[in-house]
Every structure is written in C-alpha cells, then in structure tokens.
Amino acid sequence: MPRFTYKAKDSQSKTAEGIVEANSLKQAQSLLHERGFFIISLKEQTPGLFQKGAGTGIAFQDLVHFTRQLSTMITAGLTLDEALLILIAQIKKPKLILLLRKIEEEVKSGKSFASVLAKYPKVFPPVYLSLVQAGEASGKLDTILSRLAENLEKSRDFRNKIRGALVYPIIVISGMGVVSFIVMTVVVPRLTSLYQEFEIDLPLPTQIMITLSNILVNSWYVIVISIVLIFVVFMNIRKSKYGQFVLSTLILNIPVFGPLIKQSTLVEITKTLALLIEGGVPILTSLEIAQHTTNNVLYREAFVEAARKVEKGFPLSDPLMENKIMPTILGQMVAVGEHTGQLDDSLNKLSVYFETEADSAVKTLTTMIEPIVMVLLGIGVGFLVLAVLLPIYSLTSKF
Numbered sequence: 001m002p003r004f005t006y007k008a009k010d011s012q013s014k015t016a017e018g019i020v021e022a023n024s025l026k027q028a029q030s031l032l033h034e035r036g037f038f039i040i041s042l043k044e045q046t047p048g049l050f051q052k053g054a055g056t057g058i059a060f061q062d063l064v065h066f067t068r069q070l071s072t073m074i075t076a077g078l079t080l081d082e083a084l085l086i087l088i089a090q091i092k093k094p095k096l097i098l099l100l101r102k103i104e105e106e107v108k109s110g111k112s113f114a115s116v117l118a119k120y121p122k123v124f125p126p127v128y129l130s131l132v133q134a135g136e137a138s139g140k141l142d143t144i145l146s147r148l149a150e151n152l153e154k155s156r157d158f159r160n161k162i163r164g165a166l167v168y169p170i171i172v173i174s175g176m177g178v179v180s181f182i183v184m185t186v187v188v189p190r191l192t193s194l195y196q197e198f199e200i201d202l203p204l205p206t207q208i209m210i211t212l213s214n215i216l217v218n219s220w221y222v223i224v225i226s227i228v229l230i231f232v233v234f235m236n237i238r239k240s241k242y243g244q245f246v247l248s249t250l251i252l253n254i255p256v257f258g259p260l261i262k263q264s265t266l267v268e269i270t271k272t273l274a275l276l277i278e279g280g281v282p283i284l285t286s287l288e289i290a291q292h293t294t295n296n297v298l299y300r301e302a303f304v305e306a307a308r309k310v311e312k313g314f315p316l317s318d319p320l321m322e323n324k325i326m327p328t329i330l331g332q333m334v335a336v337g338e339h340t341g342q343l344d345d346s347l348n349k350l351s352v353y354f355e356t357e358a359d360s361a362v363k364t365l366t367t368m369i370e371p372i373v374m375v376l377l378g379i380g381v382g383f384l385v386l387a388v389l390l391p392i393y394s395l396t397s398k399f
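Reading the sequence shown from the start, the letters are residues 1 to 399 in UniProt numbering.
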C-alpha cells in the first residue's frame with residue numbers, strides 16, 4: 001500500500017509530521033481530516049537510491065540492536081544526538097552507518113526523530129514511527145524505545161523458533177530432491193538402455209520412473225514454461241481481492257501450519273495494539289496500524305471493520321465478538337479492558353496467551369514434522385529401490 005508523508009496542524013495548532021498509508025492521495029487526505037488534522041503538505045513517498053539500499057541491506061536483527069542500544073543510552077541521560085554519534089562509532093556495517101549518519105545530521109538540524117525515521121519506511125515500520133512520535137510528544141522517548149526493544153526482541157525470538165522448526169525438514173527434502181533429480185536424469189536413462197537391450201517386461205514402478213525420467217530429460221523446457229506460467233497465474237490471482245481471500249482462507253486451514261499462523265498473527269496484532277495504546281496513540285490510529293502487521297486479508301478486513309465500528313461509537317469488543325475469525329477470548333478480554341479502563345493491560349495479557357499457544361503450535365509442528373518427513377523419505381527411497389531392482393530381479397530369474 002502507498003505511503004504518504006504529511007505535515008499538518010492538529011486541533012491545538014501544534015505541527016505534526018509523519019506518514020499515513022492509503023490507496024490514494026484522496027484517501028490519505030480523508031484519513032488525516034478524520035484525525036482532526038489541517039494539512040500543510042502531503043506527498044507520496046518515492047524511495048530513492050539510499051532508501052532502497054537501506055531497505056535491502058539492513059536486517060531485522062540490526063533494527064533490534066539499534067533500538068535496544070539507543071534505548072539504553074537515552075535512559076542513561078544522553079541526548080538523542082549524542083547517542084546516535086556513539087552508535088555510529090560502534091557499528092561496523094557500512095549501510096547501517098550510512099543510515100545513522102543521515103538520521104543524525106537531520107536530527108541535529110532540528111527535525112523531529114519521528115519525521116526523520118519516516119523517510120525510511122523499509123527500515124522503520126509504521127508501528128515504530130507512531131510510537132516514536134508518541135514518545136517525543138509525551139517526553140517519554142526512553143520508555144517507548146525500551147518497550148519497542150522488548151517487543152522487537154520477542155518477535156525475533158519467535159521467528160527464530162519457527163525457523164528452527166523448519167530447518168531440518170527443508171534440508172532433508174532439498175537433499176532428497178537433488179538426489180532424485182540426479183537419479184532421474186543420469187542413472188535411469190542408462191538403466192533404460194539396459195532394460196531395452198535385454199527386452200525385459202517392466203513392472204509398473206519402473207515404467208512410472210522411466211516416464212518421469214523421459215519427461216525431465218526430453219521435455220524439461222515444458223516443465224520450465226509450465227512453472228513460469230503457474231507462477232504468473234498465481235501472482236495475478238494473488239493480486240485480486242477474491243484471490244487474496246481464497247489464499248488467506250486456505251493458509252489458515254492447512255493442518256498443523258494453520259493453527260500456528262493464526263496464533264502468530266494474533267500475537268503480532270495484540271502486541272502491536274497494546275504497545276500503541278500504552279504509548280498514547282489514539283485507538284483508531286492504532287487499529288489502522290495494527291491491521292498492517294499481517295498479510296492475511298481475513299484478519300486485515302476484520303480490523304478494518306472494527307475501526308469503522310469504533311469510529312461510529314461502538315466499543316472495540318463488539319466487532320471482535322461478532323467476527324467468526326476472532327477467538328472468543330479476544331473479544332471477552334478486550335471487553336474487560338474497556339470496562340476497567342485498562343485496555344492496554346488486557347491486550348498485553350492476550351499477547352502472552354497467544355504467544356503461549358503459538359509456542360505450543362511450534363512444538364506440535366516440530367513433533368509431527370520429523371516423522372512425516374521420514375515417512376515421505378522412506379516412500380520415495382522405497383519407490384526408487386523397487387523401480388530399479390525389480391527389473392534386475394526379473395532378469396536374473398531368467399538365467
């Protein structure tokens with residue numbers, strides 16, 4: 001979704017700068033007017049060479065370290081400019097140094113930290129920018145950065161858990177794929193010549209193996225073209241609203257993986273909402289930002305609808321309880337938070353709950369995926385062994 005950089009005045013005539021996500025310039029204007037802003041300037045972001053380099057050359061881990069170190073130094077009493085200079089001296093990654101120098105120069109010239117970070121949307125996501133902006137406005141930037149660092153570290157650890165669970169099966173399946181390709185394109189053609197020479201009646205597994213080998217060797221270009229066409233069709237379907245809806249539904253219903261995706265999505269959404277509301281960001285802005293933490297259309301649409309209802313005066317818990325995709329506990333806990341005036345606390349508890357559920361889903365995935373991979377590996381190896389040895393056995397039995 002396009003991002004627009006804005007400069008505006010709020011209801012108290014204070015100047016505010018930041019970014020807003022919208023489908024068009026007109027929609028961006030409407031969103032800002034709804035927030036009570038009088039627009040001074042509004043333009044679409046067009047990343048230049050530096051931003052592209054920063055977006056592709058700065059890892060998530062770098063952002064985690066940067067936030068944690070900056071938080072520690074500001075809490076210790078250093079100014080933002082001093083902290084940035086120390087970070088520049090300590091860091092050894094050229095692209096990160098270049099980014100921090102650019103940020104330090106603009107901060108030193110008098111620009112707000114949030115408005116400077118907003119120029120690099122590929123590095124600093126909307127939730128990061130909104131919280132920094134709220135931290136500067138409230139004079140609690142050190143507290144906000146500390147909470148941001150904690151959440152980024154939790155997100156990093158959770159990602160590492162999922163990656164760790166998938167490393168073994170990916171290595172095994174990739175290895176099996178490479179071996180199968182070599183067997184089909186090198187070994188099987190030679191065996192086929194041998195079988196033809198001795199005029200052996202080939203069993204079904206061997207016939208299937210030879211057919212697959214012939215396709216790989218003689219019609220590889222058809223396979224390549226088919227893969228490209230399937231990819232193009234898939235990408236076009238994915239761009240359509242209906243296609244996104246179907247894919248999102250299918251993903252959530254994949255055995256084992258589906259529950260993990262659901263729980264991890266809810267972790268990110270509740271954690272983001274809690275962080276934003278606790279940081280003093282208005283509820284409508286928080287909902288708008290939270291919906292962009294997931295690529296799943298079903299969850300995004302659910303929070304778009306929730307934002308519409310909240311804007312009309314309904315409590316947030318109402319649309320969450322009405323939406324079938326949301327677990328009952330989410331609506332109930334949000335209702336409790338609204339009733340007690342501690343919505344951020346309820347959302348924090350929810351994020352911990354969903355994180356526990358996600359950890360359980362990761363353990364289930366790890367437990368199930370290893371035997372499944374071994375069974376598939378056994379079937380594949382068994383098929384190849386049978387396909388190769390059965391004709392040889394038939395040949396030896398003739399003598």
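Think of the CB as a built atom: it goes at the ideal place given N, C-alpha and C, for glycine as much as any other residue.
Leaving out five residues on either side along the sequence, give the residues of the same chain with a beta carbon under 7 Å from the beta carbon of residue 247.
-> Counting from one through the sequence shown, the residue named residue 247 turns up at place 247. Taken in chain order, the residues that qualify are 238.
Compare the Cα-Cα distances from residue 361 to each of 30, 257, 288, 347 and report the closest residue.
-> For the purposes of this step, residue 361 is identified with residue 361 of the sequence shown, where counting begins at 1. Taking only the C-alpha atoms, the option nearest residue 361 is 257.
Proximal residues to residue 321 (C-beta, below 8 Å), its chain only, five neighbours per side dropped | As a first step, residue 321 is located in the sequence shown; it is residue number 321 there, counting from the start. Excluding positions up to five away in sequence, the list reads 328, 331, 332, 335.
From residue 306 to residue 252, what does the alpha carbon distance come to, in whole angstroms?
-> Here the question's residue 306 lines up with position 306 in the sequence shown. Here the question's residue 252 lines up with position 252 in the sequence shown. Answer to the nearest angstrom: the Cα atoms are 20 Å apart.
Those runs of the alpha helix (DSSP H) which lie wholly inside the UniProt domain "Type II secretion system protein GspF" (270-391) and span at least 4 residues | 283-290, 297-311, 317-322, 328-340
Coil, strand or helix - residue 54 by DSSP | As a position in the sequence shown, residue 54 is number 54, starting the count at 1. Unreliable positioning characterises residue 54 in this predicted model, as indicated by a pLDDT of 39, which lies under 50. The coordinate reading is nonetheless provided below. If DSSP states are grouped into helix, strand and coil, residue 54 belongs with the helices.
Would you mind sorting residue 20 into buried or exposed? The rule is 16 or more other CB atoms within 10 Å of its CB.
-> Reading the sequence shown from its first residue, position 20 is the one you call residue 20. It is buried - the Cβ of residue 20 has at least 16 other Cβ atoms within 10 Å.
Which residues in the same chain have their Cβ closer than 7 Å to the Cβ of residue 130, if we skip the five residues on either side of it in sequence?
-> Indexing the sequence shown from 1 puts residue 130 at position 130. Around residue 130: 276, 281, 285, 289.
Alpha helix (DSSP H) segment containing residue 256, residue limits = Indexing the sequence shown from 1 puts residue 256 at position 256. No alpha helix (DSSP H) contains residue 256, which DSSP labels as neither H nor E.
Under three-state DSSP, which class holds residue 114?
-> Reading the sequence shown from its first residue, position 114 is the one you call residue 114. Here residue 114 sits in helix by DSSP.
Going straight from the alpha carbon of residue 99 to that of residue 152, what length do you get?
-> Locating residue 99 in the sequence shown gives position 99, where the first residue counts as 1. Locating residue 152 in the sequence shown gives position 152, where the first residue counts as 1. Straight-line Cα distance between these residues: approximately 19 Å.
What's the call for residue 44, buried or exposed, on a 16-neighbour Cβ count within 10 Å?
-> Counted from its first residue, the sequence shown places residue 44 at position 44. Classification for residue 44: exposed.
Own chain partners of residue 249 with C-beta closer than 7 Å, once the 5 adjacent residues on each side are dropped | Taking the sequence shown and counting its residues from 1, the one referred to as residue 249 is at position 249. The residues are 298.
Which residue or residues does DSSP assign as beta-bridge partners of residue 18?
-> On the sequence shown, position 18 is the one that residue 18 refers to. Residue 18 pairs with 6.
Of the choices 86, 79, 229, whose alpha-carbon is the least far from that of residue 139?
-> Here residue 139 refers to the residue found at position 139 of the sequence shown. Out of 86, 79, 229, 79 has the C-alpha closest to the C-alpha of residue 139.
So is residue 270 buried or exposed if we call it buried at 16+ other beta carbons inside 10 Å?
-> Stepping through the sequence shown from its first residue, residue 270 is reached at position 270. With 16 or more other Cβ atoms within 10 Å, it is buried.
Which residue or residues does DSSP assign as beta-bridge partners of residue 43?
-> As a first step, residue 43 must be located in the sequence shown, where it is residue number 43. In DSSP, residue 43 forms a bridge with 5.
Run the CB neighbour count on residue 126, radius 10 Å, all protein chains shown included, and call it buried at 16 or more, exposed below.
-> Working through the sequence shown from its first residue, we reach residue 126 at position 126. It counts as buried.
8 Å contact criterion, which residue 107 and residue 84 should meet: CB distance rounded | Translated into the one-based positions of the sequence shown, residue 107 becomes position 107. Translated into the one-based positions of the sequence shown, residue 84 becomes position 84. Residue 107 to residue 84, Cβ: 7 Å. Contact.
Is the beta carbon of residue 206 sitting closer than 8 Å to the one on residue 390?
-> Counted from its first residue, the sequence shown places residue 206 at position 206. Counted from its first residue, the sequence shown places residue 390 at position 390. Contact: yes.
Which ranges would you report for the alpha helix (DSSP H) in the UniProt domain "Type II secretion system protein GspF" (66-189) if only whole runs of at least 4 residues count?
-> 80-90, 94-108, 113-117, 126-138, 141-182
Residue 9 to residue 36, Cα distance in whole Å?
-> Indexing the sequence shown from 1 puts residue 9 at position 9. Indexing the sequence shown from 1 puts residue 36 at position 36. Their backbone Cα atoms lie some 9 Å apart in a straight line.
Could you pull out every unbroken alpha helix (DSSP H) segment of at least 4 residues lying fully inside the region 196-242, listed in chain order?
-> 204-218, 220-239
Any chance the region 196-203 sits against the region 363-380, with 3 or more Cβ pairs inside 8 Å?
-> no
In terms of residue numbering, what span does the alpha helix (DSSP H) encompassing residue 12 cover?
-> For the purposes of this step, residue 12 is taken as residue 12 along the sequence shown, with counting starting at 1. Segment: none, residue 12 is in no alpha helix (DSSP H) and carries neither H nor E.
Give the DSSP bridge partners of residue 38, in chain order.
-> Here the question's residue 38 lines up with position 38 in the sequence shown. Residue 38 is bridged to 9.
Contacting residues, own chain, Cβ-Cβ under 8 Å from residue 189 (five flanking each side not counted) = In the sequence shown, residue 189 corresponds to position 189, counting from 1. Excluding sequence neighbours, residue 189 sits near 213, 217.
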